[in-house]
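S.K.: Structure provided below as structure tokens; questions to follow.
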Amino acid sequence: MPMIFAFLSRLARVRITLGYAFALVTVSAVLVVLGPRVREHVIVQASTNLHNLARGHLGTLFGSAFITDAGPMWFWLPGLVCLLALAELTWRSGRLAVVFVTGHVGATLLVAVGLTAAIEFGWLPVSIARASDVGVSYGAVAVLGALTAAVPRAWRPAWIGWWLPIGIASAALGDDFTDVGHCVALVLGMLVSTRLVGPAQWTRLRYALLAGGASFAFLMLAHGQWTTLVGGAVGLSGALAAVGIARSRAVRRALPVAALTAAQPVRNG
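Here is the structure:
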């Protein structure tokens with residue numbers, strides 16, 4: 700019994716993650732049972748596209764996060780669970796929910812503003828206003844960006860230098876507006892990280908969750924063969940450049956202190 704209670708207590712620490720994963724599986728299973736026609740109809744109604752938002756269907760801002768059309772769930776759901784569980788263990792359930800909702804809703808609305816402007820200027824066709832836009836990606840990428848606060852300070856330049864160029868490359872090379880949304884969500888998450896407590900206390904479990912979550916996030920951002928190659932290259936270059944800049948700034952800050960210490964007279968006692 701004590702072991703069972705201890706196990707349940709540990710699960711309770713990631714209740715938002717487990718509850719969300721259960722909801723995703725349940726909704727996906729129900730839509731499969733109801734058939735492709737019903738599933739397509741539900742996706743159309745739940746999409747946070749310009750058509751639905753313009754008609755006042757603001758409920759799609761939340762409902763769209765529970766419906767996904769991104770490939771087999773067994774492939775990506777474990778990585779999503781790793782990412783969310785790491786954030787929930789670090790900040791607890793309430794802050795994870797705030798970060799996820801901020802990224803999901805914030806990126807959706809900002810992308811909607813950009814698409815509206817692009818349509819008005821004739822850069823994009825009007826048909827894009829009815830494009831399907833559901834899934835977990837905006838919220839998940841925002842959580843990834845917010846994990847900047849959890850990373851030790853010495854690693855943060857490399858962390859930001861890796862992920863931010865990947866997000867920008869994905870937005871620039873991607874063939875869908877959701878790639879831009881991923882970049883927006885990543886930046887929103889990094890901005891939110893400035894208000895979060897960190898760095899985290901890292902354990903073997905958290906390192907394992909980071910490995911799984913980061914792998915999932917990379918495949919989500921650089922989901923094509925070309926963007927994967929370019930994303931990895933620019934991410935590595937960005938990380939090395941950021942580390943070099945951080946070290947250079949640290950040296951420049953240390954020089955005046957060293958000079959002041961050397962200038963002080965030595966007192967013989």
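Position one of the sequence shown corresponds to residue 700 (this note's numbering), numbered consecutively onward. We put the CB at the ideal spot given by N, CA and C, even for glycine.
#1: Between arginine 738 and leucine 730, which are expected to be in contact by the criterion C-beta below 8 Å, what is the C-beta distance as a whole number of angstroms?
#2: Let me know the alpha helix (DSSP H) ranges lying completely inside the segment 788-832, each 4 residues or longer, listed in chain order.
#3: To the nearest angstrom, report how far apart glycine 934 and isoleucine 867 are at their CA atoms.
#4: Could you check the C-alpha separation between proline 898 and histidine 740 for me, to the nearest Å?
#5: For proline 864, count neighbouring Cβ atoms within 10 angstroms of its own Cβ and tell me buried if that reaches 16, exposed if not.
#6: Who are the Cβ neighbours of serine 914 in its own chain at under 7 Å, not counting the five residues just before and after it?
#7: Relative to the C-alpha of leucine 752, which residue among Ala916, Met919, Gly770, Thr807 is closest?
#8: Keeping to the same chain, check which residues put their C-beta closer than 6 Å to that of histidine 803; ignore five residues upstream and five downstream.
#9: Tell me the DSSP secondary structure of asparagine 751 in three-state form.
#10: Going straight from the alpha carbon of valine 883 to that of leucine 872, what length do you get?
#11: Need the endpoints of the alpha helix (DSSP H) that glycine 866 sits in, please.
#12: What are the boundary residues of the alpha helix (DSSP H) that glycine 758 is part of?
#13: Going by the CB atoms, is the gap between valine 798 and valine 891 shorter than 8 Å?
#14: For leucine 908, which residues of its own chain have a beta-carbon under 6 Å away from its beta-carbon, when the five flanking residues on both sides are left out?
M.R.: By the coordinates alone:
#1: 4 Å
#2: With a minimum length of 4 residues, the continuous alpha helix (DSSP H) runs that stay inside the segment 788-832 are 792-819.
#3: 10 Å
#4: 44 Å
#5: buried
#6: Gly778
#7: Thr807
#8: Ala764, Tyr837, Gly838
#9: helix
#10: C-alpha separation (whole angstroms): 15 Å.
#11: Per DSSP, glycine 866 belongs to the alpha helix (DSSP H) from 855-872.
#12: It is not in any alpha helix (DSSP H) - glycine 758 carries neither H nor E in the DSSP assignment.
#13: yes
#14: Cys781, Ala784, Leu785
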